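>
Chains as they are written, first to last, in our numbering: chain A, 1 to 114; chain B, 115 to 228.
Here's what the structure looks like:
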């Protein structure tokens, strides 16, 4: 079945440590996204990528980094500069570059600080 | 800056009651509009979308939404809710000026009393 796979499901980070969240899709979608979901704040856009080797900052990119070396992969690194990283992280993808296409979402990664 | 507002944070209804969830956005250009639903323990899934044409769009499970351009609104409605509609509902806006950028509202938690 085609879909989006996020791993791991749960992740723990020590103070001062960088961690990387994986997102893989086999839907052949061009665009990929990372959102952060906090209670009462909905989904906030961290980064998005329209095509391979290109990505743009979203509304809360500080303390995060991404890469898009392959169409199917869009890993998110939460750096030590992100002071409040505890959250639920969602990856999404979308076919084409037209704004009318809906997004498909993964099951999320919950990141906690030790 | 572009934003999406969902003013109802938590709505509690009895079964068979009618539902309307508000969504307003701030963006002067052309948009595509989406409603997503997140059932407990499940990933986000598309309820309906507006791309062009008839501003009244129908989605899955008896939901519909009306795009009122003059009011920058895209409210979600259902004439008679069921207990199984208990979920969190998110409004999202895709911006034509940046074809892949999609921003979300803060979400509305809907609880249905059996």
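Backbone N, C-alpha and C define an ideal beta-carbon position, used for all residues, glycine too.
Computed from a predicted structure; not experimentally measured.
Considering only C-alpha positions, which residue in the set A:25, A:18, A:14, A:20 is nearest to residue 3 of chain A?
That would be A:25, whose Cα lies nearest to the Cα of residue 3 of chain A.
> Looking only at its own chain, which residues have a Cβ that is under 6 Å from the Cβ of residue 216 of chain B, when we skip the five neighbours before and after it?
206, 208, listed in sequence order.
> Whether or not the stretch 26-35 of chain A and the stretch 73-91 of chain A are in contact is what I'm after, with contact meaning three or more pairs of Cβ atoms, one per stretch, closer than 8 Å; do they touch?
Contact between the stretch 73-91 of chain A and the stretch 26-35 of chain A is present, because at least three Cβ pairs lie under 8 Å.
> How would you call residue 28 of chain A, buried or exposed, if buried means at least 16 neighbouring beta carbons within 10 angstroms?
So residue 28 of chain A counts as exposed.
> Hey, out of B:133, B:149, B:181, B:118, whose CA is closest to residue 224 of chain B's CA?
Nearest option by C-alpha distance: B:133.
> Out of A:102, A:106, A:72, point me to the one whose CA is closest to residue 150 of chain B's CA.
Checking every option, the nearest Cα to that of residue 150 of chain B belongs to A:102.
> Go through the stretch 25-98 of chain A residue by residue and report every complete run of the beta strand (DSSP E) that reaches 3 residues or more, in order.
Taking only runs of at least 3 residues, the beta strand (DSSP E) segments lying wholly in the stretch 25-98 of chain A are 31-38, 42-49, 64-66, 76-78, 87-94.
> When burial is assigned at 16 or more other CB atoms within 10 Å of the CB, is residue 45 of chain A buried or exposed?
It is buried - the Cβ of residue 45 of chain A has at least 16 other Cβ atoms within 10 Å.
> Give every residue of the same chain whose Cβ lies closer than 7 Å to the Cβ of residue 228 of chain B, excluding the five residues on either side of it in the sequence, and list them in chain order.
129, 197.
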